[in-house]
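Take a look at the structure set out below.
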Amino acid sequence: MKYKIAEDARPQLMLLLIATVITIALWFIPYADYLVYPIRLFVTFIHEGGHALAAVLTGGSVQSLTVSPDTSGLVKAYSGNSLATLLFSSAGYLNATAYGVLLLALIRWRVSPHKVLFGSGIFIALLTVVFGLLAPVWHIFSADVSFGSLAFTLFSGALLTAGLVAAARFANLKWANFFVGFLAVQCLLNAVFDLKNLFIISTTSNTHNDAMNMAQITGLPAFVWILIWIGISVVMISIGLRVYVASQKGKQYDLPFED
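Residue numbering for the sequence shown follows the numbering used here, beginning at 88 and increasing consecutively.
Structural data, given as structure tokens:
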């Protein structure tokens, strides 16, 4: 079944394509990783935030949330039962995908990009303060979080919050829209390619990871769970893109690169 792109969605689709091309191009430019390093940290916060929120929503207790300079992250939490652990282990990669899809939908629904950037900044701030600071302090005798991990988490969370709030405050409409689109693409592509890397790791080593947690609980091999997560991510992205190109009525915010 063919899906027609709404006429008023074409400028937004061009925005998404440009953000995607820039993202992919940066992968092939030496040292370009430094340019997107803050955004990689942003995606890590979203990923780990998914774990933390899943733990809380299933009745568990979060001991700590940390991110590392290599853009990896870790959430330590108590979960009440096997189902809670399943949801906790699945929440990271799927939350990154869901957040990217949400950003696409907000762009299409004409939500002010400044509000989206500001809201994202507040979300990172809450994750940093509640799970990155208060949780390890509350569980100081059991969290086993090093001072370096705690300091980097707080430092990177504060910088990301400041950057997002500054963009919300000072960027014009065109560039605010582009920043939101770029964040969406980064969340989606990083989630998918991180799953690809996880698949390789899980099939070539015994490194402990989210998929290994799922395998230990269910008996299904880790790579099967990774394929399930990839399938769910593809479905979410497909739905997000359909929403993104669907016809909408309302105010059209100025987009960069639009005539």
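Even for Gly, the Cβ is constructed at its ideal location relative to N, Cα and C.
>> Judging by CA-CA distance, which residue of Leu193, Gly136 and Ile324 is the nearest neighbour of Phe266?
In response: Leu193
>> Using the three-state DSSP reduction, which class does Tyr165 fall into: helix, strand or coil?
In response: The three-state secondary structure of Tyr165, taken from DSSP, is strand.
> What's the gap between the Cα of Val143 and the Cα of Ala222?
Replying inline: 12 angstroms
> For the candidate residues Ala309, Ala183 and Met323, whose alpha-carbon lies nearest to that of Thr291?
Replying inline: Ala309
> Exposed or buried, which one is Arg329 when buried takes at least 16 other CB atoms within 10 Å?
Replying inline: exposed
> Hey, how far is the Cα of Ile105 from the Cα of Leu152?
Replying inline: When rounded, the distance between both Cα atoms is 33 angstroms.
> What did DSSP end up calling Met88 once you bin it into helix, strand or coil?
Replying inline: In this prediction, Met88 has a pLDDT of 46, which is less than 50 and means its spatial position is unreliable; what the coordinates show is noted afterwards. DSSP places Met88 in coil when its eight states are reduced to three.
> Going by beta carbon distance, what residues of the same chain come within less than 7 angstroms of Ala141, once the five residues before and after it are set aside?
Replying inline: Leu174, Phe175 and Ala178
>> Three or more C-beta pairs under 8 angstroms: does that hold for the region 312–323 against the region 150–165?
In response: Cβ pair count under 8 angstroms is below three, so no.
> Straight-line CA distance for Val188 to Leu246?
Replying inline: 24 angstroms
> What is the rounded straight-line gap between the Cα of Ala278 and the Cα of Trp225?
Replying inline: Going by the C-alpha atoms only, they are around 31 angstroms apart.
>> Would Met323 and Thr107 qualify as a contact pair, given that the criterion is a beta-carbon distance under 8 angstroms?
In response: no
>> Please tell me whether Ser155 and Ser236 are closer than 8 angstroms, where the distance is taken between their beta carbons.
In response: yes
> By Cβ distance, which residues of its chain are closer than 7 angstroms to Asp120, with the 5 residues on each side in sequence left out?
Replying inline: none
> Which two residues bound the contiguous beta strand (DSSP E) that contains Ser151?
Replying inline: Ser148 to Val154
>> Suppose the cutoff is 6 angstroms on Cβ atoms and the five residues either side in sequence are ignored; what does the same chain contact list for Glu81 look like?
In response: Residue 81 is absent from the model: the chain starts at 88 and stops at 346.
> What are the partner residues of Gly160, as DSSP defines its beta bridges?
Replying inline: Val154
> Which whole runs of the alpha helix (DSSP H) in the region 210–295 are 4 residues long or more, in chain order?
Replying inline: 222–225, 234–257 and 260–291
>> For the alpha helix (DSSP H) containing Pro125, name the first residue and the last one.
In response: Asp120 to Leu144
> Among Leu270, Ile326 and Gly206, which one has its Cα closest to the Cα of Thr131?
Replying inline: Leu270
> With DSSP run on the structure shown, which of helix, strand or coil describes Asp308?
Replying inline: The sequence as given places Pro at residue 308; Asp does not occur at that position. Pro308: coil per DSSP, three-state reduction.
> Taking the C-alpha atoms as reference points, what is the distance between Cys274 and Val311?
Replying inline: 23 angstroms
> Exposed or buried, Val203, counting other C-beta atoms within 10 Å across all chains shown (16 or more means buried)?
Replying inline: Val203 should be labelled buried.
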